[in-house]
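Student:
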Amino acid sequence: MILAVRFPLRQALQGTFLLLGQRQAQTISKVSIAVSALFHEGRFDYLRIALGAVAPTVVYASQTESILKNGKLDAQKIEAAKRAIVHEVQPISDIRSTAEYRRAMCPVLLDKALEELGMK
386 MILAVRFPLR QALQGTFLLL GQRQAQTISK VSIAVSALFH EGRFDYLRIA LGAVAPTVVY
446 ASQTESILKN GKLDAQKIEA AKRAIVHEVQ PISDIRSTAE YRRAMCPVLL DKALEELGMK
């Protein structure tokens, strides 16, 4: 007879999604970022960063994550991550935006996402 089943509580992940586009409603994005993180005592226990509209498919920013996850988070790590993220994307120019704009907005969105999550 089973008397109980116990599952450990999972720590709550934080997340944010930011999108740049022409309009607020039903917009097709020029650039987007999704960040999911578990931040504890100044360090990331878990971090995933995905970028949209900056390559043929969604970009998983693994190099940027590695920089941010390596030790305690500080301003230098954030700046290094912002420099790295532009090298992980392959944007194109099209009717919605230029490749240069899309690339330039990746570090801006990363910075804003970290700020929204209270990690800055």
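In the numbering used here, the protein residues as written are 386 to 505.
Note that CB positions come from ideal geometry on N, CA and C, so glycine has one too.
Verify whether the separation of the beta carbon atoms of G435 and I470 is less than 8 Å.
Tutor: The residue labelled residue 435 in the question sits at position 50 within the sequence shown. The residue labelled residue 470 in the question sits at position 85 within the sequence shown. Strictly speaking, residue 435 in this sequence is Ala, with Gly absent from that position. Contact: no.
Student: If we ignore side chains and look at the alpha-carbon of each, how far apart do I452 and R468 end up?
Tutor: The residue labelled residue 452 in the question sits at position 67 within the sequence shown. The residue labelled residue 468 in the question sits at position 83 within the sequence shown. Roughly 10 Å between the two C-alpha positions.
Student: Considering only residues of the same chain and omitting the five flanking positions on each side of A466, which have a CB-CB separation below 7 Å?
Tutor: Translated into positions along the sequence shown, residue 466 becomes position 81. Cβ within range, chain order: T449, I452, L453 and L495.
Student: Answer yes or no: do A422 and Q399 have a C-beta to C-beta separation smaller than 8 Å?
Tutor: Residue numbering aside, residue 422 sits at position 37 when the sequence shown is read from its first letter. Residue numbering aside, residue 399 sits at position 14 when the sequence shown is read from its first letter. The Cβ-Cβ distance between A422 and Q399 falls below 8 Å.
Student: E426 to D459, Cα distance in whole Å?
Tutor: Here residue 426 refers to the residue found at position 41 when the sequence shown is read from its first residue. Here residue 459 refers to the residue found at position 74 when the sequence shown is read from its first residue. Cα to Cα, E426 sits roughly 12 Å from D459.
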